[in-house]
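J.:
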Amino acid sequence: MNHNLTTLHPYPFAKMATLLADSTPAYNYSEIKLGIGEPKHEPPAFVLDVLRENLDKISQYPTTNGLFELRQTIAHWLEKRFFLNHLDPHTQVLPVMGTREAIFSLVQAVIDHPQTELSEDETNQLAAHNQPSAQPLQKADEAPTIVMPNPFYQIYEGAAILAQATPYFMPCSIDNDFKGDYRAVPRDVWTRTQLLFVCSPNNPTGSVMTMDDWEHLLRLSDQYGFIIASDECYSELYFDRAPIGLLQACAALGRHNFKNCVVFHSLSKRSNLPGLRSGFVAGDANILQPYLQYRTYQGCAMPIPHQLASIAAWEDEKHVAHNRALYQEKFALWMSELGALLDLRMPEAGFYFWVKVPEQFNGDDEIFVKALYEQANIHALAGRYLSREVNGKNPGQGYVRIALVASVEESREAISRIRKLLGA
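Position 49 of the sequence shown, counted from 1, bears residue number 49 in full-length UniProt numbering, the numbering being contiguous throughout.
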């Protein structure tokens with residue numbers, strides 16, 4: 001077995017299951033799930049109709065690069081949403097089976113391991129620690145680096161580990177408005193960096209990249225040659241202004257070939273279709289074409305009925321606007337009813353509250369989520385499980401992620417229970 005599998009961290013929800021294993025929920029209450037970011041709003045009926053009407057096409061093998069009609073629809077959507085002059089559906093768009101698998105597989109495709117000869121002593125040390133001889137002869141401090149936010153979507157780290165790259169965790173704390181301080185990354189880290197993950201809007205903090213932020217990253221990419229991979233799956237869940245995407249920043253700067261830039265988008269959050277497993281990667285053709293070759297061997301192609309349903313979803317904006325309005329209503333409700341009791345900070349976009357734990361729970365995120373479960377039968381996610389400790393500090397510790405995915409009615413009930421828990 002791949003020995004790197006043993007170095008993967010348990011997934012956050014596995015950690016939560018362990019934490020709550022000996023706890024008893026408040027059975028006098030119905031269960032309310034605010035821990036997992038799974039949309040609970042109704043999926044668009046017209047998309048489901050298209051899916052049903054095309055079930056007979058399940059008898060056909062789909063191609064890895066998908067239907068041209070889907071790629072063209074996605075290209076048009078990107079051009080309109082992000083003010084792009086032109087996006088080539090033949091070379092700059094690739095449908096994927098949800099962005100989770102795409103993020104993971106992109107890392108495996110782009111990370112390159114230049115071989116470094118080890119000294120005899122270093123080779124003997126590897127042998128003494130039972131390192132398989134088939135592993136690349138490479139010093140740890142020379143391994144490819146992937147820079148990622150901290151806290152972060154856990155696939156970034158898992159993909160890095162299994163690609164034998166070194167994750168570099170960039171803290172996103174209140175000191176920097178919950179955005180990464182790219183200027184604080186040492187030069188020697190950038191020189192080893194092959195890939196930078198950006199999540200904007202950010203999961204879990206809700207922060208959004210500005211044009212200045214993007215411009216700075218693009219200069220760094222030009223200087224050091226790394227790829228920028230922007231996870232933009234929450235881009236359509238905003239309040240007043242639509243977030244600026246990476247391709248939009250490229251176009252504004254005249255970088256119409258999107259050199260070293262790729263973006264990930266999904267229908268899961270935008271259209272309440274998490275089970276459809278439909279998304280896309282778009283950007284630099286010089287990255288996407290070799291990545292397509294990788295995916296041809298990986299064997300991950302979207303079924304044709306899903307592709308046709310996806311076309312219908314990407315072509316419609318009315319259901320997206322309605323979806324946004326529902327989240328806006330819930331955010332307003334939470335702020336109105338709990339803003340004086342909890343340290344609630346309105347996100348710039350997305351559907352999460354990144355909540356600072358009240359002092360009555362000693363500022364401890366594990367204690368708080370256990371209390372929510374045991375006294376209110378509410379599931380939330382301990383912030384430390386979304387982060388890694390670096391230099392003795394875990395930026396997620398003391399925070400809890402609450403996903404506003406439940407209905408308005410359930411949200412009212414959750415608020416009532418939390419007010420009671422807080423003694424209001």
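Beta carbons: idealized from backbone N, C-alpha and C, even for Gly.
Can you round the beta-carbon distance between F239 and Q328 to whole angstroms, since I take them to be within the 8 Å contact cut?
T.: By one-based count along the sequence shown, residue 239 stands at place 239. By one-based count along the sequence shown, residue 328 stands at place 328. So it is a contact: roughly 6 Å between Cβ atoms.
J.: Can you tell me whether I32 is helix, strand or coil according to DSSP?
T.: As a working note, residue 32 is residue 32 in the sequence shown. Looking at I32 - three-state DSSP - the assignment turns out to be strand.
J.: Helix or strand or just coil, what does DSSP make of I146?
T.: Residue numbering aside, residue 146 sits at position 146 when the sequence shown is read from its first letter. Reduced to three states, the DSSP call for I146 is strand.
J.: For N2 versus L308, is the C-beta distance shorter than 8 Å?
T.: What you label residue 2 is simply residue 2 of the sequence shown in a count that begins at 1. What you label residue 308 is simply residue 308 of the sequence shown in a count that begins at 1. No.
J.: For L8, does the count of other Cβ atoms within 10 angstroms reach 16, so buried, or fall short, so exposed?
T.: Here residue 8 corresponds to residue number 8 of the sequence shown, with the count starting at 1. Exposed, because fewer than 16 other Cβ atoms sit within 10 Å of the Cβ of L8.
J.: Please classify F83 as buried or exposed, where buried requires at least 16 neighbouring CB atoms within 10 angstroms.
T.: Mapped onto the sequence shown, residue 83 falls at position 83. When all chains shown are included, F83 counts as exposed.
J.: Could you tell me the alpha carbon to alpha carbon distance between residue 435 and I227, rounded to whole angstroms?
T.: The requested residue 435 is not part of the displayed model; the chain covers only 1 to 424.
J.: Based on the DSSP output, what are the partners of R401 in its beta bridges?
T.: As a first step, residue 401 must be located in the sequence shown, where it is residue number 401. W354, L381.
J.: With 16 as the cutoff for other CB atoms within 10 Å, does Q92 come out buried or exposed?
T.: Counting from one through the sequence shown, the residue named residue 92 turns up at place 92. It counts as buried.
J.: Could you check the C-alpha separation between V369 and A380 for me, to the nearest Å?
T.: Within the sequence shown, the letter at position 369 stands for residue 369. Within the sequence shown, the letter at position 380 stands for residue 380. Their Cα atoms are separated by approximately 6 Å.
J.: Could you compute how far the alpha carbon of Q293 sits from the alpha carbon of K269?
T.: As a working note, residue 293 is residue 293 in the sequence shown. As a working note, residue 269 is residue 269 in the sequence shown. Taking the straight line joining both Cα atoms gives about 28 Å.
J.: Given a cut-off of 8 Å on the beta-carbon distance, is the pair residue 431 and Q375 in contact?
T.: Here the chain has residues from 1 to 424 only, and residue 431 is not among them.
J.: Roughly how many whole angstroms lie between the Cα atoms of M16 and A349?
T.: Against the sequence shown, residue 16 aligns to sequence position 16. Against the sequence shown, residue 349 aligns to sequence position 349. Each residue's Cα considered, the two are about 25 Å apart.
J.: Exposed or buried, what is Q248 when buried is set at 16 or more other beta-carbons lying within 10 Å of its beta-carbon?
T.: Counting from one through the sequence shown, the residue named residue 248 turns up at place 248. It counts as buried.
J.: Give every residue of the same chain whose Cβ lies closer than 8 Å to the Cβ of R419, excluding the five residues on either side of it in the sequence, and list them in chain order.
T.: Counted from its first residue, the sequence shown places residue 419 at position 419. Closer than 8 Å at Cβ, skipping near neighbours: E337, L338, L341.
J.: Would you list the residues sitting across from L195 in a DSSP beta bridge?
T.: For this step, residue 195 is matched to residue 195 along the sequence shown. According to DSSP, L195 bridges with I146, I227.
J.: Identify every residue that forms a DSSP beta bridge with S271.
T.: One-based indexing of the sequence shown puts residue 271 at position 271. None; S271 has no bridge partner.
J.: Indicate the three-state DSSP secondary structure (helix, strand or coil) for V189 in the structure shown.
T.: Looking up residue 189 in the sequence shown gives position 189. Looking at V189 - three-state DSSP - the assignment turns out to be helix.
J.: Going by alpha carbons, who is nearest to residue 444 out of T24, I32, V50?
T.: Absent from the structure is residue 444, since the part of the chain shown begins at 1 and ends at 424.
J.: For the putative contact between I311 and T73, defined by C-beta atoms under 8 Å, what is the C-beta separation to the nearest angstrom?
T.: Here the question's residue 311 lines up with position 311 in the sequence shown. Here the question's residue 73 lines up with position 73 in the sequence shown. 5 Å between Cβ atoms; contact.
J.: To which residues does DSSP link P167 through a beta bridge?
T.: Residue mapping note: residue 167 aligns to position 167 of the sequence shown, counting from 1. In the DSSP output, where bridge partners are listed per residue, P167 has I146.
J.: Classify V107 as helix, strand or coil using the three-state DSSP reduction.
T.: Taking the first residue of the sequence shown as position 1, residue 107 is located at position 107. V107 falls in the helix class under three-state DSSP.
J.: Is it true that the CB of C172 sits closer than 8 Å to the CB of P395?
T.: Translated into the one-based positions of the sequence shown, residue 395 becomes position 395. Translated into the one-based positions of the sequence shown, residue 172 becomes position 172. Result yes, Cβ atoms of P395 and C172 sit closer than 8 Å.
J.: Use the C-beta contact count for L5: other C-beta atoms within 10 angstroms, 16 or more gives buried, fewer gives exposed.
T.: Position 5 of the sequence shown, counting from 1, holds the residue named residue 5. L5 should be labelled exposed.
J.: What does a CB cutoff of less than 7 Å around D365 pick up in its chain, not counting 5 residues either side in sequence?
T.: Locating residue 365 in the sequence shown gives position 365, where the first residue counts as 1. Answer for D365: V357, A382, G383, R384, Q397, G398, Y399, V400, listed in chain order.
J.: Does R71 pass the burial test, meaning 16 or more other C-beta atoms within 10 Å, or should it be called exposed?
T.: The count along the sequence shown starts at 1 and reaches residue 71 at position 71. By the neighbour-count rule (16 or more Cβ atoms within 10 Å), R71 is buried.
J.: Taking 7 Å as the cut-off, is the C-beta of K179 nearer than that to any heavy atom in the ligand ADP?
T.: In the structure on display, the ligand ADP does not appear, and there are no ligands present to speak of.
J.: Do G98 and R245 count as a contact pair if the criterion is CB distance below 8 Å?
T.: For this step, residue 245 is matched to residue 245 along the sequence shown. For this step, residue 98 is matched to residue 98 along the sequence shown. Inspection of the sequence shows that residue 245 is occupied by Gly rather than by Arg. Cβ atoms of G245 and G98: not closer than 8 Å.
J.: Does DSSP put S266 in a helix, in a strand, or in coil?
T.: Counted from its first residue, the sequence shown places residue 266 at position 266. The answer is strand: DSSP assigns S266 an E or B state.
J.: Which first and last residues belong to the alpha helix (DSSP H) in which V408 is found?
T.: Looking up residue 408 in the sequence shown gives position 408. From DSSP, the alpha helix (DSSP H) with V408 extends over 408-421.
J.: What is the residue span of the beta strand (DSSP E) that residue 425 lies within?
T.: Any property of residue 425 remains undetermined from this structure, which presents the chain solely from 1 to 424.
J.: Between M170, W77, F197, which has its C-alpha nearest I111's C-alpha?
T.: In the sequence shown, the residue the question calls residue 111 occupies position 111. If we check each option's Cα against that of I111, F197 comes out closest.
J.: Where do the N-terminal and C-terminal ends of the alpha helix (DSSP H) with P305 fall, by residue?
T.: The residue given as residue 305 occupies position 305 in the sequence shown. Residues 304-315.
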